[in-house]
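J.: Which chain is which? The protein sequence lines are A and B, in order.
Oh and the first sequence: position 107 is 108 in this note's numbering, straight run, nothing missing.
Oh and the second sequence: position 63 is 64 in this note's numbering, straight run, nothing missing.
Yeah, the Cβ is synthetic: ideal placement off N, Cα and C, and Gly gets one too.
Note that this is a predicted model, so its numbers are computed, not measured.
2 protein chains.
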Amino acid sequence: MTLTNNSKRRKELVSIAARLFCEQGYERTTVRMLADAMGIKSGSLFHHFNDKQEILCAVIQDGMESALEIADQALEGEADPKRRFMALAKAHLSTLLNDRNAHVVALYEWRSLTDSSLGVLIDMRDRYEQLWQQVIDDCAAVGLLHGDQPLIRRFALGALNWTVQWYDAGGEKTPDDLAQALGELIGLS
Amino acid sequence: MTLTNNSKRRKELVSIAARLFCEQGYERTTVRMLADAMGIKSGSLFHHFNDKQEILCAVIQDGMESALEIADQALEGEADPKRRFMALAKAHLSTLLNDRNAHVVALYEWRSLTDSSLGVLIDMRDRYEQLWQQVIDDCAAVGLLHGDQPLIRRFALGALNWTVQWYDAGGEKTPDDLAQALGELIGLS
DNA sequence: CCAAAAACCAAGCAAGCGCTAGATTTAATA
DNA sequence: TATTAAATCTAGCGCTTGCTTGGTTTTTGG
Chain A
2 MTLTNNSKRR KELVSIAARL FCEQGYERTT VRMLADAMGI KSGSLFHHFN DKQEILCAVI
62 QDGMESALEI ADQALEGEAD PKRRFMALAK AHLSTLLNDR NAHVVALYEW RSLTDSSLGV
122 LIDMRDRYEQ LWQQVIDDCA AVGLLHGDQP LIRRFALGAL NWTVQWYDAG GEKTPDDLAQ
182 ALGELIGLS
Chain B
2 MTLTNNSKRR KELVSIAARL FCEQGYERTT VRMLADAMGI KSGSLFHHFN DKQEILCAVI
62 QDGMESALEI ADQALEGEAD PKRRFMALAK AHLSTLLNDR NAHVVALYEW RSLTDSSLGV
122 LIDMRDRYEQ LWQQVIDDCA AVGLLHGDQP LIRRFALGAL NWTVQWYDAG GEKTPDDLAQ
182 ALGELIGLS
């Protein structure tokens, strides 16, 4: 048993756990359900993770890492404030809806984390929000947005995160369409 | 033991349950914790409710009922589309943040409901969303809002519901301030 | 003031929970 | 092929869970 193992097998297991946690919630998902879905016995799970809560932490961490990566990537080489906002919004919806399981878990199950796990994740969340804040501040600086800027960030992220509640991946709208619509709604089209 | 009892005592118990469910989540809250907080023994709980899940259902139902009441009340006698939108937004934030426990539970714990409980609650949610849709459609009809109208409803409700994640009741901003800010953000100030 | 109903308690059951320990199999390395 | 390490299984422990049962206290209404 190793600590914070990053093997490929572990990544697979985390992805399966994300699906179950997303579908039924962390607390309702038992280690036996997880093990079944992974094709192993429940005891074997604890070779890869020290305890159940560490699986939850891994799910959320994986989701946040990819969100940060994609956001950084989207902003790279983009200078115009309006285009930066749209790029960030598109990136956000893209991860949120493609890597949906992990993000639903991150949004809904963080209360089940212990304080020690929370520390790392809060840092990542803060970095991510700061990315957004910077982009919104830049828009405000050139007169594209008006009003309390942290509040705008919260409204925007709220609107975007809520999409996991209703978005139908089989529908006609793409994540980019949604980002476009949000831009238009707040006068940034 | 009665079915769907509506006694005053039951209302108290539901309100206490709302607090615990909000603080720690439904699944992590045991019937013993509930009973302790209510000042009774765990067995006595099942005199008022048939099972634990019925408590959750009651919490959410109470929250939705008061939300619907307050929304109806806010729209009464208001004709101007823009003013109707603002009234609805203010009403929404007012219930959401005053009756916070129940609404956090409604937003975060509905997955723990059984199908039979879900039916009633989904009806109420649909009625509530239709209220919003009508107001937004009216705004669009007079040219105050542009774009996909159901999408606007979802963005708006997402932004508003997300406030439970960060709003500080002891802060300087009132729910009405927030509604005002949202109105300005989408060009409805 | 007394009977009926409502609210509650004491005790505990059966099932399921997270997790552990030790043995065994599979895979990697030299 | 021999040695080691990683991954899995078997079996189950100790505890908590939601809930039940049968009896007691409290409240209510005529």
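Show which residues of chain B have a CB atom less than 7 angstroms away from the CB atom of A/F22.
T.: In chain order: nothing, as chain B lies at least about 11 angstroms away.
J.: Nearest to B/E110 by alpha carbon, out of B/W133, B/A160, B/L94, B/I56?
T.: Among B/W133, B/A160, B/L94, B/I56, the Cα nearest to that of B/E110 belongs to B/I56.
J.: Only counting the same chain, and skipping five residues up and downstream in sequence, which positions put a Cβ closer than 7 angstroms to that of B/M39?
T.: Closer than 7 angstroms at the Cβ level, and outside the excluded window around B/M39, lie L14, I17.
J.: What residues in the segment 150-170 of chain A have a beta carbon less than 8 angstroms from any beta carbon of chain B?
T.: Of all residues in the segment 150-170 of chain A, L152, I153, R155, F156, A157, L158, G159, A160, L161, N162, W163, T164, Q166, W167 have a Cβ within less than 8 angstroms of some Cβ in chain B.
J.: How about A/C58: is its Cβ closer than 7 angstroms to a heavy atom in the ligand GTP?
T.: With respect to the ligand GTP, the structure shown offers nothing to examine, as it has no ligands at all.
J.: From which residue to which residue does the alpha helix (DSSP H) around B/E185 run?
T.: Where B/E185 is concerned, the enclosing alpha helix (DSSP H) stretches over 176-186.
J.: Pick out whichever of A/L132, A/L97, A/D177, A/G159 has its Cα sitting closest to the Cα of A/C23.
T.: Of the listed residues, the one whose Cα sits closest to A/C23 is A/L97.
J.: Please look up how many angstroms separate the CB atoms of B/I187 and A/L186, rounded, as I've assumed it's under 8 angstroms.
T.: Right, the Cβ-Cβ distance comes to about 5 angstroms (below 8 angstroms), so this counts as a contact.
J.: Could you tell me which chain A residues have their CB closer than 8 angstroms to the CB of B/Y109, listed as they occur along the chain?
T.: Within 8 angstroms Cβ-Cβ: Y109.
J.: Mind listing the chain A neighbours of B/I187? Cutoff is C-beta to C-beta under 7 angstroms, in chain order.
T.: Correct list: L186, I187.
J.: Give a yes or no on contact between the segment 75-83 of chain A and the segment 130-144 of chain A, applying the rule of three or more CB pairs nearer than 8 angstroms.
T.: Yes, the segment 75-83 of chain A is in contact with the segment 130-144 of chain A.
J.: Taking Cβ positions only, does B/E130 come closer than 8 angstroms to chain A?
T.: False, the Cβ-Cβ gap to chain A never drops below 8 angstroms.
J.: Whole angstroms is fine: what's the gap from A/D124's alpha carbon to A/F156's?
T.: Taking the straight line joining both Cα atoms gives about 21 angstroms.
J.: Look at the alpha carbon of B/H104 and the alpha carbon of A/P176, and state the distance between them as a whole number of angstroms.
T.: Rounded to whole angstroms, B/H104 to A/P176 spans 28 angstroms at the Cα level.
J.: Which residue spans inside the segment 19-88 of chain A form an unbroken alpha helix (DSSP H) run of at least 4?
T.: For the segment 19-88 of chain A, whole alpha helix (DSSP H) runs of length 4 or above, ordered along the chain, are 32-39, 46-49, 53-76.
J.: Taking all protein chains shown into account, do 16 or more other C-beta atoms lie within 10 angstroms of the C-beta of B/T164, making it buried, or fewer, making it exposed?
T.: The residue is buried, with at least 16 neighbouring Cβ atoms inside 10 Å.
J.: Is the beta carbon of B/L132 closer than 8 angstroms to that of B/A72?
T.: Their beta carbons are under 8 angstroms apart, which means B/A72 touches B/L132 by this criterion.
J.: Which residues mark the beginning and the end of the alpha helix (DSSP H) in which A/R126 is found?
T.: Segment 116-142, the alpha helix (DSSP H) holding A/R126.
J.: In this structure, does DSSP put B/A170 in helix, strand or coil?
T.: Three-state result, B/A170: coil.
J.: Any beta carbon from chain B within less than 8 angstroms of A/E28's own beta carbon?
T.: Chain B contact via Cβ: present.
J.: B/R112 CB to nearest chain A CB: under 8 angstroms?
T.: Yes, B/R112 counts as interfacial toward chain A.
J.: Spatial neighbours of B/L21 within its chain, please: C-beta separation below 7 angstroms, excluding the five flanking residues on both sides.
T.: So the list reads T30, M34, L35, A38, once near-sequence residues are dropped.
J.: For A/K53, I'd like the list of residues in its chain whose CB is within less than 7 angstroms of its CB, leaving aside the five on either flank, ordered along the chain.
T.: V32, listed in sequence order.
J.: Among the candidates B/M87, B/R10, B/S45, whose CA atom is the shortest distance from the CA of B/G184?
T.: For the residues B/M87, B/R10, B/S45, the minimum Cα distance to B/G184 belongs to B/M87.
J.: Can you tell me which of the three DSSP states B/S1 falls into?
T.: In the structure as shown, chain B begins at 2 and stops at 190. Residue 1 of chain B is therefore absent and cannot be evaluated.
J.: Between the Cα of A/A92 and those of A/F47, A/L76, A/N102, A/R126, spot the shortest distance and give me the residue it belongs to.
T.: Closest by alpha carbon: A/L76.
J.: Please report how far the alpha carbon of A/N102 lies from the alpha carbon of B/E79, in whole angstroms.
T.: Cα to Cα, A/N102 sits roughly 42 angstroms from B/E79.
J.: Could you confirm whether any beta carbon from chain A is found closer than 8 angstroms to the beta carbon of B/H104?
T.: No - not a single Cβ of chain A is within 8 angstroms of the one on B/H104.
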